[in-house]
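Asker:
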Amino acid sequence: EDSLYYNLTRETARQIGKAGFAVITGGGGGLMEAANRGAAEAGAKSVGLNIELPKEQKPNKYQNISLHFRYFFCRKVMFLKYAHGFVVMPGGFGTMDEFFESLVLIQTLKQAYFPVVCMGKEYWQGLADWLDKIMMQKHHYIDPEDMHLFTLTDDPEEATQIIVDFHRQNGRGGLRLPSGIRDTDNGYQ
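Under the working numbering, the first residue of the sequence shown carries the number 491, and numbering increases by one thereafter.
#1: Following the continuous beta strand (DSSP E) through G510, name the residue where it begins and the one where it ends.
#2: Pick from S592, T641 and I652: whose alpha carbon is nearest that of E612?
#3: Considering Cα atoms alone, identify which of D587, F590 and P580 is closest to D644.
#4: Helix, strand or coil for N540, going by three-state DSSP, please let me know.
#5: By alpha-carbon positions, which one of N554, F576, P646 and V537 ends up nearest to Y495?
#6: If you compare alpha carbons, which of M568, A530, Q627 and L593 is closest to P605?
#7: Given a cut-off of 8 Å, decide if V654 and A509 are closer than it, judged by their beta-carbon atoms.
#8: Alpha carbon to alpha carbon, what distance is there between Q553 and L543?
#9: Which same chain residues, not among the five before or five after F656, have their C-beta less than 6 Å away from its C-beta?
#10: At what residue ranges does the segment 627-651 contain a whole run of the beta strand (DSSP E), taking only runs of 3 or more?
#11: From what residue to what residue does the alpha helix (DSSP H) around M609 run?
Shown next, in the form of structure tokens:
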């Protein structure tokens, strides 16, 4: 709870919530909890898309909407279905999977563009450098414009402003979840 990334996540989610957006996370502990907590503190919708795992992933207490999934691919569809922007915090393979899935879908025009913001420059800089030097410059597997599909920052205000500005310019406001989505114990599977 006192870690740099926990506090950064909590503050970023709080600011995004105050800007009128719901915050959707994987619903577990750690940084997912921090994001749900920040959203709840801002009075915003705080959504957890929980996954059934053998030894972890209990829903955190800061969700006011909790949906349960058996399969990761179903959960990713829900992340993307309601996304107006992705704020990606430091994480493991699951985080990388969601990050790259969003970039691929935006790049291939299978998903309408939305901002992708990676919080924690120190954490993400090595990956950004590898994408630039190896994937783009050396092998030409991605195009120069693909490097503009995401932004690195350490500033919660900048992350929030990127999302707000995008939606102001594109005539879309904060996320309004359909009325049929509510807290449930048996959710979507």
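Each residue gets a CB set at the ideal place from its N, CA and C atoms; glycine is no exception.
Answerer: So, to answer that:
#1: Position 20 of the sequence shown, counted from the first residue, corresponds to residue 510. Segment: none, G510 is in no beta strand (DSSP E) and carries neither H nor E.
#2: Position 122 of the sequence shown holds residue 612. Cα-wise, what sits closest to E612 is T641.
#3: By 1-based counting over the sequence shown, the position of residue 644 is 154. Here the closest residue by C-alpha is P580.
#4: Translated into the one-based positions of the sequence shown, residue 540 becomes position 50. Three-state DSSP puts N540 in a strand.
#5: The residue you call residue 495 lines up with position 5 of the sequence shown. Taking Y495 as reference, the option from N554, F576, P646 and V537 with the minimal CA-CA separation is P646.
#6: Along the sequence shown, read from residue 1 onward, the residue named residue 605 stands at position 115. Of the listed residues, the one whose Cα sits closest to P605 is L593.
#7: Against the sequence shown, residue 509 aligns to sequence position 19. Against the sequence shown, residue 654 aligns to sequence position 164. Closer than 8 Å, so yes.
#8: Counting from one through the sequence shown, the residue named residue 543 turns up at place 53. Counting from one through the sequence shown, the residue named residue 553 turns up at place 63. Looking at the two C-alpha atoms, the distance is approximately 18 Å.
#9: Within the sequence shown, the letter at position 166 stands for residue 656. Taken in chain order, the residues that qualify are P605.
#10: 641-643
#11: The sequence position of residue 609 within the sequence shown is 119, counting from 1. First-last for M609: V606 to M609, but that is the beta strand (DSSP E), not the alpha helix (DSSP H).
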